[in-house]
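Position in the sequence shown (from 1) plus 17 gives the number in my numbering. For glycine and all other residues, C-beta sits at the position ideal for the given N, C-alpha and C.
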Amino acid sequence: MADEVKLHKNESIKAASRQLRGTLAEELHSDAQGFGADSEQLIKFHGFYQQEDRDQRHQKNPDGTPVARQTSFMVRSRIPGGRLTAAQFLAELELGDKFGNGTLRVTTRQALQLHGVLKSSLRDTIHQINQIKLSTLAACGDVNRNVMCCPAPYKHNGVFDELQRFAEELADHFRPKTTAYWELWVRDEEGEHQPVASCEPVDEPIYGATYLPRKFKMAVALPDDNCVDVLANDMGYLAIVEQGRIVGYNVVVGGGMGMSPSVKKTFPALAKPLAFVTPDQAIAVGEAVVKVQRDNGNRTDRKQARLKYVIAQWGIEKFAREVEKYYGQPLTPPRPLEITGVDDHIGWHEQGDGRLFLGINIENGRIKDEGKLRIKTGLRTIVQKFQMPIRLTALQAVLLCDVEPRDRPEIDRLLKEHGILAAEELTLLRRYSAACPAWPTCGLAITESERALPGVLDALEVELSRLGLVGERISVHMTGCPNGCARPYTPDIGFVGRGAGEKYTVYLGGNALGTRLAFVYRDYVPKAEIVPVLSPVLTRFRDERRPGEALGDYCARVGAASLGATGAGPDAT
Ligand code: SRM
Ligand code: SF4
18 MADEVKLHKN ESIKAASRQL RGTLAEELHS DAQGFGADSE QLIKFHGFYQ QEDRDQRHQK
78 NPDGTPVARQ TSFMVRSRIP GGRLTAAQFL AELELGDKFG NGTLRVTTRQ ALQLHGVLKS
138 SLRDTIHQIN QIKLSTLAAC GDVNRNVMCC PAPYKHNGVF DELQRFAEEL ADHFRPKTTA
198 YWELWVRDEE GEHQPVASCE PVDEPIYGAT YLPRKFKMAV ALPDDNCVDV LANDMGYLAI
258 VEQGRIVGYN VVVGGGMGMS PSVKKTFPAL AKPLAFVTPD QAIAVGEAVV KVQRDNGNRT
318 DRKQARLKYV IAQWGIEKFA REVEKYYGQP LTPPRPLEIT GVDDHIGWHE QGDGRLFLGI
378 NIENGRIKDE GKLRIKTGLR TIVQKFQMPI RLTALQAVLL CDVEPRDRPE IDRLLKEHGI
438 LAAEELTLLR RYSAACPAWP TCGLAITESE RALPGVLDAL EVELSRLGLV GERISVHMTG
498 CPNGCARPYT PDIGFVGRGA GEKYTVYLGG NALGTRLAFV YRDYVPKAEI VPVLSPVLTR
558 FRDERRPGEA LGDYCARVGA ASLGATGAGP DAT
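Rendered as structure tokens:
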């Protein structure tokens with residue numbers, strides 16, 4: 018049996034879980050602060066992660082003894098296309114206050130996260146999320162995650178609404194069918210109103226008994242506004258619009274950011290074009306792609322398990338042939354199509370139906386009150402008063418939609434009153450920046466990110482101002498480790514947590530459009546050195562750029578060697 022393959026332990030956990038039940042029900046009611054190791058894997062499919070406040074590790078009680086460690090949970094609501102009602106948004110804010118740490122976080126995939134939820138509050142939290150008709154099912158886990166989609170609520174043609182409907186259909190089609198979620202979190206505690214079809218296995222037509230080898234991500238985008246970074250997804254749909262109508266999509270496959278510098282075979286990748294599909298073929302072809310990954314993704318090594326590794330191993334041609342077998346028909350080659358633009362949707366915009374929407378930048382997605390900047394109270398006050406629908410962007414911003422023009426002055430006044438800056442008061446650097454949570458909640462963080470980026474941007478703004486570059490659109494993404502949750506391998510500048518003492522790998526040469534992978538400029542750069550090491554590049558950019566050239570385009574054109582890149586470190590290319 019020399020060739021016997023040893024599956025990753027998560028595979029047996031999934032297989033034995035009776036469709037994601039495991040011992041979650043029993044453990045939920047135990048006195049322990051958290052769940053056991055096997056359950057820790059299963060809870061992700063239900064939309065939450067076991068964490069702790071890592072700041073507390075070093076805190077002491079007044080008597081000098083260490084503060085007792087407290088397990089808590091991050092609870093993620095899956096929100097296709099980032100679309101919410103006013104009531105849902107207000108209820109999530111309320112849940113953050115009642116059960117979480119008093120903040121609500123807009124994620125880089127247009128979802129919402131609560132942090133600091135205790136096990137004793139988990140059921141109430143998730144139950145209440147379902148009562149407001151949101152769900153945490155499949156927000157995490159080895160299944161299709163939150164489906165991203167351009168959130169702009171334009172109405173001048175049906176395209177934007179159709180994209181949103183398609184994202185919703187995808188989310189629904191690829192939702193796990195197990196009833197375990199409903200049993201644990203949704204039905205009334207006693208279950209008295211519901212027939213107990215529970216525990217009976219149901220058909221999981223797409224995922225089967227062991228779900229996917231790894232997480233799977235989808236996005237729907239427009240070529241002239243890739244605000245969802247479609248190429249960073251396992252599968253993306255790029256809409257082809259003719260005469261104001263979607264005639265089909267180019268399906269792109271095999272994108273992903275995560276890598277481990279110590280594992281040479283891991284790398285970030287941009288999705289590649291696979292096929293053109295008409296709207297009525299789109300879901301069936303997508304299902305074939307997912308099933309190919311289900312049956313061929315690596316189930317022995319989770320670091321090699323994403324779709325991008327199947328495609329790297331086979332090549333896109335062989336992959337396409339395999340998808341055809343599952344689809345049952347030949348695929349149509351992708352149409353020539355380029356991504357040409359990106360919009361952060363910040364500021365006031367006409368929707369095209371007489372109403373307006375307003376994009377509000379939320380620094381790193383964290384909705385909280387701090388000092389004079391009272392984003393949480395400001396948003397709550399505005400949404401309570403005007404009850405407008407909300408959308409979330411992939412750059413962690415909030416869009417207030419369907420605003421009557423007469424309400425604009427009052428909304429502007431309330432924003433000002435709560436210290437929330439208008440679009441004109443923000444540099445494009447701020448608007449196109451993003452950071453992952455990292456410390457203190459993320460167990461995988463090597464360095465700070467959400468708490469570090471604002472200071473780095475302050476220093477960068479001073480330098481850009483000195484060089485006369487302050488009006489430039491420079492996208493900057495930071496993460497606290499190489500997993501890449503804020504997609505740091507594609508923007509103009511990426512900072513990736515690398516080592517203790519707040520050291521980062523600095524990437525250059527990507528772009529705000531998300532169409533090019535960056536290269537390593539410098540590795541192990543201490544936080545305080547970031548701006549000094551970038552300064553020579555920025556100076557050359559100012560002096561040598563072509564008219565209208567963006568920083569990342571300039572860096573890619575002159576190349577890593579010319580910029581004095583060390584070449585060491587985990588390269589993204
Ligand atoms: Fe992520 C793991 C946060 C988007 C790649 N990600 C994590 C965990 C759950 C840490 C963990 O496993 O214990 C982080 C929780 C931190 C916390 O305290 O909240 C975490 N990821 C996030 C969020 C909240 C970052 C943010 O700033 O918003 C994003 C939630 C998105 C959502 O709503 O679903 C988030 N994560 C991403 C993205 C960006 C994207 O999807 O467009 C990526 C890169 C794309 C990709 O998947 O390749 C990403 N997260 C990862 C990875 C690396 C996956 C890989 O293939 O190597 C991990 C680690 C893992 O899965 O083992 C990870
Ligand atoms: Fe945590 Fe790393 Fe993701 Fe940041 S990039 S949230 S540090 S896993």
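> What three-state label does DSSP hand Gln36 in the structure shown?
Replying inline: Taking the first residue of the sequence shown as 1, we reach residue 36 at position 19. Coil, per DSSP.
> When the Cα of Ala42 is compared with those of Ala33, Arg100, Leu135, Tyr198, which residue comes out closest?
Replying inline: Indexing the sequence shown from 1 puts residue 42 at position 25. Answer by Cα proximity: Tyr198.
> Would a C-beta distance cut-off of 7 Å place Gly497 and Ala462 closer than the cut-off?
Replying inline: Against the sequence shown, residue 497 aligns to sequence position 480. Against the sequence shown, residue 462 aligns to sequence position 445. The criterion of a C-beta distance shorter than 7 Å is satisfied by Gly497 and Ala462.
> His210 to Phe106, Cα distance in whole Å?
Replying inline: In the sequence shown, residue 210 corresponds to position 193, counting from 1. In the sequence shown, residue 106 corresponds to position 89, counting from 1. Bear in mind that a pLDDT of 44 at His210, under 50, signals an unreliable position, so the number given afterwards is only what the model happens to contain. Roughly 28 Å between the two C-alpha positions.
> Smallest Cα separation from Asp646: which of Ala545, Asp386, Gly64, Asp318?
Replying inline: Because the chain is modelled from 18 through 590, residue 646 falls outside the range shown and cannot be assessed.
> Excluding the five sequence neighbours on either side, which residues of its own chain have a C-beta within less than 6 Å of the C-beta of Gly369, listed in chain order?
Replying inline: Looking up residue 369 in the sequence shown gives position 352. Excluding residues within five positions, the ones whose Cβ falls inside 6 Å are Tyr171, Lys172, His173.
> Any heavy atom of the ligand SRM closer than 6 Å to the Cβ of Asn27?
Replying inline: Looking up residue 27 in the sequence shown gives position 10. The answer is no for Asn27.
> Measuring CA to CA, which of Ile300, Val245, Phe183 is closest to Ala503?
Replying inline: Against the sequence shown, residue 503 aligns to sequence position 486. The shortest Cα separation from Ala503 among Ile300, Val245, Phe183 belongs to Val245.
>> So for Ser277, helix, strand or coil by DSSP?
In response: One-based indexing of the sequence shown puts residue 277 at position 260. The answer is coil: DSSP assigns Ser277 none of H, G, I, E or B.
>> Judging by CA-CA distance, which residue of Gly514, Tyr571, Gly501, Leu59 is the nearest neighbour of Pro285?
In response: Looking up residue 285 in the sequence shown gives position 268. With distances taken between Cα atoms, Pro285 lies closest to Gly501.
>> Shorter than 6 Å, the distance from the beta carbon of Met163 to the closest heavy atom of the ligand SRM, or not?
In response: Locating residue 163 in the sequence shown gives position 146, where the first residue counts as 1. Met is not the amino acid found at residue 163; the sequence shown has Asn there. Yes; taking the cut-off as 6 Å, the Cβ of Asn163 has a heavy atom of the ligand SRM nearer than that.
> In three-state terms, what does DSSP make of Lys289?
Replying inline: Taking the first residue of the sequence shown as position 1, residue 289 is located at position 272. Lys289: strand per DSSP, three-state reduction.
> So, are the CB atoms of Leu24 and Thr317 less than 7 Å apart?
Replying inline: For the purposes of this step, residue 24 is identified with residue 7 of the sequence shown, where counting begins at 1. For the purposes of this step, residue 317 is identified with residue 300 of the sequence shown, where counting begins at 1. It is a contact, given that the beta carbons lie within the stated cut-off.
> Just to confirm, does Ala32 get its C-beta within under 6 Å of one of the non-hydrogen atoms of the ligand SF4?
Replying inline: The residue labelled residue 32 in the question sits at position 15 within the sequence shown. No, Cβ of Ala32 sits at least 6 Å from all heavy atoms of the ligand SF4.
>> Between which two residues does the beta strand (DSSP E) holding Leu129 run?
In response: Within the sequence shown, the letter at position 112 stands for residue 129. Under the DSSP assignment, Leu129 falls in the beta strand (DSSP E) whose first and last residues are 129 to 134.
> Terminal residues of the continuous beta strand (DSSP E) containing Asp189?
Replying inline: Numbered from 1 along the sequence shown, position 172 holds the residue referred to as residue 189. That residue, Asp189, is in no beta strand (DSSP E); its alpha helix (DSSP H) goes 176 to 190.
>> Am I right that Ala578 and Gly514 are in contact with their C-beta atoms under 8 Å? What's the rounded C-beta distance?
In response: Position 561 of the sequence shown, counting from 1, holds the residue named residue 578. Position 497 of the sequence shown, counting from 1, holds the residue named residue 514. Not quite, the Cβ-Cβ distance comes to about 26 Å (not below 8 Å), so this is no contact.
> Using the C-alpha atoms, what's the distance from Tyr521 back to Leu45?
Replying inline: The count along the sequence shown starts at 1 and reaches residue 45 at position 28. The count along the sequence shown starts at 1 and reaches residue 521 at position 504. Going from the Cα of Leu45 to the Cα of Tyr521 covers about 39 Å.
>> Could you compute how far the alpha carbon of Gly358 sits from the alpha carbon of Pro230?
In response: Taking the sequence shown and counting its residues from 1, the one referred to as residue 358 is at position 341. Taking the sequence shown and counting its residues from 1, the one referred to as residue 230 is at position 213. Cα to Cα, Gly358 sits roughly 33 Å from Pro230.
>> Please give me, in chain order, every unbroken run of the beta strand (DSSP E) with length at least 3 that falls completely inside the segment 87 to 111.
In response: 88 to 94
> Arg162: buried (16+ other C-beta within 10 angstroms of its C-beta) or exposed?
Replying inline: What you label residue 162 is simply residue 145 of the sequence shown in a count that begins at 1. Arg162 is buried by the Cβ-count criterion.
>> Going by DSSP in three states, Phe365 sits in which element: helix, strand or coil?
In response: By one-based count along the sequence shown, residue 365 stands at place 348. Before going further, note that residue 365 is Trp rather than Phe in the sequence given. In this structure, Trp365 counts as strand in the three-state DSSP scheme.
> Between Lys308 and Ile407, which are expected to be in contact by the criterion C-beta below 8 Å, what is the C-beta distance as a whole number of angstroms?
Replying inline: Your numbering for residue 308 matches position 291 in the sequence shown. Your numbering for residue 407 matches position 390 in the sequence shown. Between Ile407 and Lys308 the Cβ distance is about 34 Å, and since that is not below 8 Å, they are no contact.
> With burial defined as no fewer than 16 other Cβ atoms inside 10 Å of the residue's Cβ, what is the status of Ser89: buried or exposed?
Replying inline: Taking the sequence shown and counting its residues from 1, the one referred to as residue 89 is at position 72. Buried, since its Cβ has 16 or more Cβ neighbours within 10 Å.
> In this structure, what does DSSP give as the bridge partners for Val237?
Replying inline: Against the sequence shown, residue 237 aligns to sequence position 220. According to DSSP, which records beta bridges pairwise, Val237 is partnered with Cys166, Tyr254.
> Can the beta-carbon of Leu409 be found less than 7 Å from the beta-carbon of Gly175?
Replying inline: If you number the sequence shown from 1, residue 409 lands on position 392. If you number the sequence shown from 1, residue 175 lands on position 158. Not closer than 7 Å, so no.
> Three or more beta-carbon pairs under 8 Å between the segment 329 to 340 and the segment 243 to 261, yes or no?
Replying inline: The answer is no - the segment 243 to 261 does not touch the segment 329 to 340, with fewer than three Cβ pairs under 8 Å.
> Can you tell which of Leu417, Ala411, Thr349 has its C-alpha closest to the C-alpha of Gln401?
Replying inline: Here the question's residue 401 lines up with position 384 in the sequence shown. Selected option, being the one with the closest Cα: Leu417.
> Roughly how many whole angstroms lie between the Cα atoms of Ser482 and Ala439?
Replying inline: Working through the sequence shown from its first residue, we reach residue 482 at position 465. Working through the sequence shown from its first residue, we reach residue 439 at position 422. Approximately 20 Å, taken between the alpha carbons.
> Which class does Asp297 belong to by DSSP, given the choice of helix, strand or coil?
Replying inline: Here residue 297 corresponds to residue number 280 of the sequence shown, with the count starting at 1. The answer is coil: DSSP assigns Asp297 none of H, G, I, E or B.
>> At the level of alpha carbons, what is the spacing between Gly158 and Ser29?
In response: Counting from 1 along the sequence shown, the entry for residue 158 is found at position 141. Counting from 1 along the sequence shown, the entry for residue 29 is found at position 12. Taking the straight line joining both Cα atoms gives about 15 Å.
>> I believe Gly265 touches Pro296 by the beta-carbon criterion, under 8 Å. Please report the beta-carbon distance rounded to the nearest angstrom.
In response: Residue 265 sits at position 248 when you count from the first residue of the sequence shown. Residue 296 sits at position 279 when you count from the first residue of the sequence shown. Indeed they touch by this definition, with Cβ atoms about 6 Å apart.
> Which residue's Cα is closest to the Cα of Val473: Leu431, Glu519, Ile547, Val537?
Replying inline: Position 456 of the sequence shown holds residue 473. Selected option, being the one with the closest Cα: Ile547.
> Count the other CB atoms within 10 Å of the CB of Arg35; is the residue buried (16 or more) or exposed (fewer)?
Replying inline: Position 18 of the sequence shown, counting from 1, holds the residue named residue 35. Answer is exposed; the Cβ neighbour count stays below 16.
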